[in-house]
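Q: In the UniProt record's numbering, the protein residues as written are 1 to 332.
As structure tokens, this is what we get:
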């Protein structure tokens with residue numbers, strides 16, 4: 001049958017094209033979720049305490065649901081869950097004059113992503129391609145500086161090693177291993193509105209270098225282009241601060257505008273067919289949370305938010321975090 005004049009050609013991709021093309025984008029998202037923001041990792045600059053060597057430890061649990069659809073090529077769409085955690089320790093902390101603080105520490109983390117991948121399969125759009133299951137282990141280091149006015153600068157370096165298993169509807173099962181290096185620079189400056197209310201504008205820049213090893217499936221070789229992704233965030237927290245003799249509470253609402261500046265990467269099949277996918281997107285995030293000093297030695301924090309794209313890559317997601325910080329001794 002002849003196509004009508006001007007009718008678009010529909011590519012006939014096998015299921016593995018959409019499925020394999022989703023691997024790098026899920027790796028990017030796992031890295032962003034593991035890094036998080038300063039508030040998600042540490043709760044608040046007001047929770048930071050301790051002085052000297054090995055003063056405090058913290059743990060964080062995270063969970064998210066993501067629906068991510070890329071444009072271009074086989075238009076892969078991942079719909080699944082991410083969960084994980086972190087454990088960290090301040091290696092050294094210093095209290096300076098006027099409430100100035102510096103905290104230097106190390107952390108380890110784990111992230112797991114599991115979900116279904118749809119895409120352009122056999123001439124049908126948004127058809128089931130298979131399932132994806134990825135595990136990532138991370139190690140990192142951080143330095144947080146807090147000024148006398150409680151403005152903060154947070155710097156995080158993180159290395160990640162991941163293994164992604166894919167299982168197509170044709171029962172082609174393959175595994176891709178990869179690694180990434182990430183850098184996060186973040187700052188926030190609280191502005192006092194009333195005796196109990198503050199507005200804190202924030203900005204964050206995240207750079208990720210992601211390298212994924214290729215593999216051979218039953219039909220062809222599969223290779224992945226190295227990704228250098230840059231993600232920016234601009235937003236603000238509206239927070240209240242309420243304190244008693246031994247406890248302090250800090251509920252807040254937050255708004256963020258996220259921008260992923262990396263436009264396209266290729267997944268190459270049979271050393272010849274480069275299938276593009278686009279990561280560029282802008283998304284808005286709404287949410288809220290609370291941080292609390294329960295005792296002199298124990299602090300708790302939690303955060304939940306919803307994210308939706310406003311252009312580029314289609315993305316909808318919800319994420320939640322809870323954390324605990326323990327001061328071993330000393331400190332303010």
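Every residue, glycine too, gets a C-beta built ideally from N, C-alpha and C. What you are looking at is a predicted structure, and each value in this text was computed from that prediction instead of being measured.
With a Cβ-Cβ cutoff of 7 Å, do residue 194 and residue 247 count as a contact?
A: In this structure, residue 247 does not lie closer than 7 Å to residue 194 by Cβ.
Q: Tell me the residue span of the beta strand (DSSP E) that contains residue 98.
A: Where residue 98 is concerned, there is no enclosing beta strand (DSSP E), given that its DSSP letter is neither H nor E.
Q: Is residue 249 helix, strand or coil by DSSP?
A: Reduced to three states, the DSSP call for residue 249 is strand.
Q: Based on the DSSP secondary-structure assignment, which residues constitute the bridge partners of residue 238?
A: Looking at the DSSP assignment, residue 238 forms a beta bridge with 199 and 253.
Q: Would you mind stating whether residue 215 and residue 176 have Cβ atoms separated by less than 7 Å?
A: Yes, the pair counts as a contact, with Cβ atoms nearer than the cut-off.
Q: Let me check one thing: in DSSP terms, what residues is residue 297 bridge-paired to?
A: Paired residues: none, contrary to the question.
Q: Are the CB atoms of residue 230 and residue 203 within a distance shorter than 7 Å?
A: No, the Cβ-Cβ distance between residue 203 and residue 230 is not below 7 Å.
Q: Provide the residue(s) that pair with residue 86 in DSSP beta bridges, ordered along the chain.
A: According to DSSP, residue 86 bridges with 60 and 109.
Q: Tell me residue 280's beta-bridge partners as DSSP assigns them.
A: According to DSSP, residue 280 bridges with nothing at all.
Q: Rank 105, 252, 289 and 169 by C-alpha distance to the C-alpha of residue 319 and give the top, closest one.
A: Cα-wise, what sits closest to residue 319 is 289.
Q: Find out if the Cβ-Cβ distance for the pair residue 157, residue 140 is shorter than 7 Å.
A: Yes. Within cutoff.
Q: Given a threshold of 16 other Cβ atoms within 10 Å of its Cβ, counted over all protein chains shown, does residue 123 qualify as buried or as exposed?
A: Burial call: exposed.
Q: Roughly how many whole angstroms lie between the Cα atoms of residue 327 and residue 50?
A: The straight-line gap from Cα to Cα measures roughly 7 Å.
Q: Are the beta-carbon atoms belonging to residue 314 and residue 69 less than 7 Å from one another?
A: Yes, the Cβ-Cβ distance between residue 314 and residue 69 is below 7 Å.
Q: Expressed to the nearest angstrom, what Euclidean distance is found between the alpha-carbon atoms of residue 116 and residue 242?
A: Distance between the alpha carbons of residue 116 and residue 242 is about 44 Å.
Q: For residue 15 and residue 233, I'd like the C-alpha separation in whole angstroms.
A: Roughly 34 Å between the two C-alpha positions.
Q: Helix, strand or coil for residue 233, going by three-state DSSP, please let me know.
A: If DSSP states are grouped into helix, strand and coil, residue 233 belongs with the strands.
Q: Near residue 86, what residues of its chain come up, given a Cβ to Cβ distance below 6 Å and the 5 sequence neighbours on each side ignored?
A: Same-chain partners within the cutoff: 60, 107 and 109.
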